[in-house]
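Here is the structure we will look at, set down as structure tokens.
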Ligand code: GLU
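Numbering (the working numbering), first residue to last: 1 to 500.
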């Protein structure tokens, strides 16, 4: 097999949806597996849908995830430019060839005329039947066509779909796929402004960039019939095609949409995005406290299965195990609980200092100006207890400030009047022995007073942390400091006094 060249070809029409991230991942894995080349191509020919900042967003997302292209805008490569808007002059030659050889034609219908058609017949499509009655170079005389070509503002070039033909191709995932040409419309391939549409630019670039495998979302399956025809008309060998299954809503019903994030309360984009309107602002997985390797591991199994029950994969293991044959045909349900589980596993195994750097901004935002080393210690104690990185802060505020509120219900359950003196005594011992080992200090007092650990420890935890939840108490006190913990114990006495 020729050396593998695959591309991820997003359109910069907004933030990159999680389905797009999965497509990038599968292309990346396939390229790595076959020692091939992973290309990023920006498909920005539709100027009407172009969104400033989207390309940067795509590149930043790929960088965050470590899915670095070998070729692409901002990367190397001998096949550039990698932005279709910069390749406008390249496409003309091919469209002219299609017209000259009778596989494409000029269409002069105005947008208003086409709109009227659609209103009169909602099923209207510009195709082998309707084109016979429409305003195009197939129905008009040469002189009428030439006149319109020179004078009309609405000249599009359409692909001439053959009549009554079965167009078939092989899909690596779905097997033999066929369409009857009557199902296909005469797609516009070049617009009045001289810009190609997706269909033309896509196949010309796949050919010129020597793409060997097209791996993309299922929504492009029917377009592939058009593409296969164009390859044939231009005398080119098509690449192999693989159409990935849809990512479904958590309910399993219907495609996961960009609005589902807000609806179900989880991110569907890798990074946060600020749109023009409130409803177009999205929180990303990164900002929501996910580690990129957790997101990749989760996505790798959303439509692909290794064939055994292994779930945790390093990138190298994924590259090793990945194959197109093991991609599933049916839609893959987006299960956020599974994503959270992966994230928890990766947080547990992550280096504490790395975690600390990741949550440093969140700490500062909360007004906690602690050293990154301190934060790393907190991460070490908390990481088994969270699903998202920033929960290390939100669920352990007692590492940064004395509790403002106490779990009064637990206090009521655990506290009796005779405990008061002991709490006070332990508080004072800790204050006086700031550098001593808190465990020894506390245990010595408990032993000398003939107390039970199980009686005093929960009260100390409530005093120092405000809550019954938290990591090992002695480790926590060591980190918070004896003097500070002792002070908190004394300061909590009024709260015990006020229990009714
Ligand atoms: N530009 C298309 C998209 O936005 C690419 C489809 C393909 O990979 O051919 O998804």
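Idealized CB from N, CA, C, for every residue including glycine.
{"Item": "Who pairs with residue 59 in a beta bridge, going by DSSP?", "Value": "DSSP output for residue 59 lists no bridge partner at all."}
{"Item": "I need the DSSP call for residue 336, collapsed to helix, strand or coil.", "Value": "helix"}
{"Item": "Could you tell me which of 228, 266 and 371 sits nearest to residue 289, measuring between CA atoms?", "Value": "266"}
{"Item": "Figure out for me which residue from 417, 464 and 421 has the closest Cα to the Cα of residue 438.", "Value": "464"}
{"Item": "Between which residues of its own chain and residue 67 is the CB-CB distance below 7 Å, once the five residues before and five after are set aside?", "Value": "24, 25 and 28"}
{"Item": "Tell me whether the beta-carbon of residue 60 lies closer than 8 Å to the beta-carbon of residue 11.", "Value": "no"}
{"Item": "Which residue or residues does DSSP assign as beta-bridge partners of residue 243?", "Value": "216"}
{"Item": "Could you say if the region 31-41 and the region 291-304 meet the contact criterion of at least three C-beta pairs nearer than 8 Å?", "Value": "no"}
{"Item": "Considering only their Cβ atoms, is the gap separating residue 177 from residue 527 smaller than 8 Å?", "Value": "No information on residue 527 is available, as it lies outside the stretch 1 to 500 that the chain covers here."}
{"Item": "Since I believe residue 155 is in contact with residue 108 (beta carbons under 8 Å), could you give me their beta-carbon distance rounded to a whole number of angstroms?", "Value": "6 Å"}
{"Item": "Please confirm whether any heavy atom of the ligand FMN lies closer than 7 Å to the CB of residue 236.", "Value": "No copy of the ligand FMN appears in this structure; the ligands present are the ligand GLU."}
{"Item": "Between the C-alpha atoms of residue 329 and residue 172, what's the straight-line distance to the nearest angstrom?", "Value": "10 Å"}
{"Item": "Apply the 10 Å Cβ neighbour rule to residue 55 and answer buried if 16 or more other Cβ atoms are within range, or exposed otherwise.", "Value": "buried"}
{"Item": "Measuring CB to CB, does residue 215 end up less than 8 Å from residue 334?", "Value": "no"}
{"Item": "Relative to the C-alpha of residue 275, which candidate in 339, 7, 13 and 174 has its C-alpha closest?", "Value": "13"}
{"Item": "Taking its Cβ as the centre, do 16 or more other Cβ atoms sit within 10 Å of residue 268, making it buried, or is it exposed?", "Value": "buried"}
{"Item": "Going by the DSSP bridge assignment, what does residue 105 pair with across the sheet?", "Value": "158"}
{"Item": "Measuring from the CB of residue 9, is there a heavy atom of the ligand GLU at a distance below 7 Å?", "Value": "yes"}
{"Item": "Starting from residue 504, trace the beta strand (DSSP E) in both directions and tell me its first and last residue.", "Value": "Any question about residue 504 goes unanswered here, given that the chain covers just 1 to 500."}
{"Item": "Does the count of Cβ pairs from the region 69-85 and the region 202-219 closer than 8 Å reach three?", "Value": "yes"}
{"Item": "Tell me the start and end of each unbroken beta strand (DSSP E) in the region 400-461 that is at least 3 residues and wholly inside, in chain order.", "Value": "none"}
{"Item": "Using only the alpha-carbon positions, how far apart do residue 475 and residue 297 sit?", "Value": "32 Å"}
{"Item": "Considering just the uninterrupted stretch of the beta strand (DSSP E) at residue 37, what are its terminal residues?", "Value": "37-40"}
{"Item": "Do the region 410-420 and the region 312-322 meet, that is, are 3 or more Cβ pairs less than 8 Å apart?", "Value": "no"}
{"Item": "In three-state DSSP terms, what is residue 211?", "Value": "coil"}
{"Item": "Is it the case that the Cβ atoms of residue 188 and residue 158 are separated by a distance below 8 Å?", "Value": "yes"}
{"Item": "What would DSSP say about residue 136, mapped onto helix, strand or coil?", "Value": "strand"}
{"Item": "Helix, strand or coil: how does DSSP classify residue 292 here?", "Value": "helix"}
{"Item": "Could you tell me which residues DSSP puts in a beta bridge with residue 170?", "Value": "176"}
{"Item": "Residue 236 by DSSP, collapsed to three states: which one?", "Value": "coil"}
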